[in-house]
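Below is one structure; the comments refer to it alone.
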Amino acid sequence: MNARAATASPNSVLYAIVILALQLGSTVAAEPAAISQEDWRAVDHCLGIIRHCQMPDGMIRIKGAGDPVWCVPYIGNFAAMALLAANDLQPNPEDVDRVERWLLWYGRNQESDGTICDQEGKVAAYKSNGRRDSTDSYAATFLMVAHRWRKAVNGAPRPEVLSAATRALGAIEAVVQTDGLTIAKPDYPMKYLMDNIEIYGGLAEGALFFDSVGKTEEANRCRRLAERVAAGLRGFWSEKEQCFAVSLDMKCVYTVGLSKPFPHGLAQLFALAHIDGTRTELWLRVRKSFKPGDEGMPIERWLIAANRCASRAEMGELREATREAMLHFTGDSVYVERPALAIIALIDGKARFCDLPR
């Protein structure tokens, strides 16, 4: 694979674009448009699932039914973002309070280095299991929640939230490599396309969060890291394969392919959704190779990508299929990530990640 496509813009131009976007705050997608009553019925159903997954102490578990408890903070962050996305359309102070309780819970359960572990146990008692799927994406999505909650309340965050956000930034910094990309975690040194797209989004929104509370140094750290992530992600496009690589190892070898729904297909949906510049040909290839609902490629991920690439007819079909799926979700049939992402997909606008320069 050609790690640096010949058609890519020079780094200096790319950096200028990123800096300008971050300064203007324009990396965050536009305000959400009004959605139909039919859409809202599906959204409201999924909001109920998310609310039911939150425990009295603020923790959001991945399933809201039964006595067993399993919390993956990365997934909890998406649940919180979905509550805030819906609040943008129909203000709900109770949901905004739920998100604050989640932020405070996250801060209480962070390690001193800003990382956080999954939690397991039962409703009456649970604790850290000492494991996490990643360091980078957990922290980045937390910064997204902090920024969006701060905008929703239009007030100063509690010191605990600010401290948690600062530690989260430190957790990201600890896994940044010399090329500007992050590895998933120190004991799993792989650089993933999807993770680094989330890292860029978290840093971009983290800069806005820190700016809003007068933390200029932290905001600038976010911006500098975001510039480097954006530059590093340029190498994931394969001119030979005409698709994005899934990962990059420490020997500078990219994993490229388009044969499996996960991770190949899902990685393309991430890139199509969040890297600026429509790649219609890639969208058509993904549509030909896979179908919504393939394992690892849920319908809501297709809809998020379709907002940039699909025809109006395709959009209508994907919205209808997403609504139908949402209405069949229950607290014990799916992890809370699915109703959360489906809400984000239907609402779009500020609910999406930031757009990466191509």
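Under my numbering, residue 1812 is the last one in the sequence shown; the count climbs by one each step, no gaps.
Backbone N, C-alpha and C define an ideal beta-carbon position, used for all residues, glycine too.
Please read these numbers as outputs of a predicted model, since none were measured by experiment.
Contact set for residue i: own chain, Cβ-Cβ below 7 Å, skip 5 residues either direction
i            : result
residue 1789 : 1516, 1517 and 1529
residue 1606 : 1538, 1541 and 1550
residue 1733 : 1726
residue 1763 : 1726, 1732, 1734 and 1737
residue 1810 : 1651, 1654, 1684, 1687, 1728, 1729 and 1730
residue 1522 : 1576
residue 1703 : 1644
residue 1799 : 1754, 1757, 1758 and 1776
residue 1721 : 1647, 1648, 1698 and 1700
residue 1553 : 1534, 1537, 1538, 1599 and 1603
Backbone CA spacing between residue i and residue j [nearest angstrom]
i            : j            : result
residue 1423 : residue 1505 : Past the edges of the chain, shown from 1455 to 1812, lies residue 1423, and the structure says nothing about it.
residue 1677 : residue 1724 : 22 Å
residue 1511 : residue 1555 : 7 Å
residue 1743 : residue 1671 : 46 Å
residue 1773 : residue 1708 : 34 Å
residue 1591 : residue 1495 : 30 Å
residue 1493 : residue 1513 : 27 Å
residue 1728 : residue 1759 : 8 Å
residue 1594 : residue 1533 : 14 Å
residue 1770 : residue 1565 : 44 Å
residue 1648 : residue 1705 : 19 Å
residue 1751 : residue 1626 : 27 Å
residue 1580 : residue 1614 : 22 Å
residue 1587 : residue 1643 : 12 Å
residue 1502 : residue 1793 : 10 Å
residue 1499 : residue 1603 : 22 Å
residue 1491 : residue 1545 : 16 Å
residue 1697 : residue 1766 : 24 Å
residue 1621 : residue 1584 : 18 Å
residue 1536 : residue 1695 : 35 Å
residue 1768 : residue 1543 : 24 Å
residue 1690 : residue 1619 : 29 Å
residue 1548 : residue 1508 : 12 Å
residue 1582 : residue 1531 : 17 Å
residue 1673 : residue 1563 : 24 Å
residue 1719 : residue 1638 : 19 Å
Distance between beta carbons of residue j and residue i, contact taken as under 8 Å
i            : j            : result
residue 1623 : residue 1675 : 6 Å
residue 1797 : residue 1497 : 5 Å
residue 1786 : residue 1520 : 7 Å
Close Cβ partners of residue i (< 6 Å) along its chain, the five nearest in sequence each way excluded
i            : result
residue 1755 : 1723
residue 1717 : 1700
residue 1635 : 1645, 1650 and 1686
residue 1761 : 1802
residue 1679 : 1657
residue 1478 : Only weak support is given to the placement of residue 1478: the predicted model assigns it a pLDDT of 37, under 50, and the value that follows is read from those uncertain coordinates. There are no such residues.
Cβ shell of residue i (< 8 Å), same chain only, five flanking positions each side left out
i            : result
residue 1783 : 1499, 1500, 1503, 1792, 1793 and 1796
residue 1640 : 1589, 1628 and 1629
residue 1746 : 1752, 1753, 1756, 1772 and 1775
residue 1567 : 1621, 1624, 1625 and 1628
residue 1488 : 1543
Cβ of residue i within 8 Å of any chain C Cβ
i            : result
residue 1525 : Protein chain content of the structure displayed is limited to a single chain, and chain C is not contained in it.
Sufficient close CB pairs (3 or more, under 8 Å) joining the stretch 1777-1792 to the stretch 1731-1739
Verdict: no, contact absent.
Three or more C-beta pairs closer than 8 Å, one from the stretch 1559-1578 and one from the stretch 1522-1530: is that the case here?
In short, these stretches touch, since the Cβ pair count reaches three.
3 or more residues per run - each beta strand (DSSP E) lying fully within the stretch 1479-1526:
Counting whole runs of 3 or more residues, the stretch 1479-1526 contains the beta strand (DSSP E) stretches 1522-1525.
At a cut of 8 Å, does the stretch 1565-1573 reach the stretch 1599-1614 through at least three beta carbon pairs?
In the pairwise beta carbon analysis, the stretch 1565-1573 is classified as not touching the stretch 1599-1614: fewer than three pairs are separated by under 8 Å.
Which runs of the alpha helix (DSSP H) spanning at least 4 residues fall entirely within the stretch 1542-1581, listed in chain order?
Runs of the alpha helix (DSSP H) inside the stretch 1542-1581: 1547-1563.
Three or more C-beta pairs closer than 8 Å, one from the stretch 1659-1668 and one from the stretch 1595-1604: is that the case here?
Yes, they touch.
Meets three-Cβ-pair contact criterion under 8 Å: the stretch 1706-1716 and the stretch 1662-1672
No, the stretch 1706-1716 does not touch the stretch 1662-1672.
Residue ranges of each alpha helix (DSSP H) within the stretch 1623-1683, 4 or longer
You should have 1647-1666.
I'd like to know if the stretch 1676-1696 and the stretch 1628-1638 are in contact, where contact means that at least 3 CB-CB pairs between them fall below 8 Å.
Yes, the stretch 1676-1696 touches the stretch 1628-1638.
Segments of 4+ residues assigned as alpha helix (DSSP H) that fall wholly inside the stretch 1680-1731
Runs of the alpha helix (DSSP H) inside the stretch 1680-1731: 1720-1728.
Three Cβ pairs or more, each shorter than 8 Å: is that satisfied between the stretch 1634-1654 and the stretch 1795-1804?
In this structure the stretch 1634-1654 does not touch the stretch 1795-1804; the number of beta carbon pairs closer than 8 Å is below three.
Identify every run of the alpha helix (DSSP H) within the stretch 1584-1611, keeping only runs that are complete inside it and at least 4 residues long; order them along the chain.
Taken in chain order, the complete alpha helix (DSSP H) segments of 4 or more residues contained in the stretch 1584-1611 are 1590-1607.
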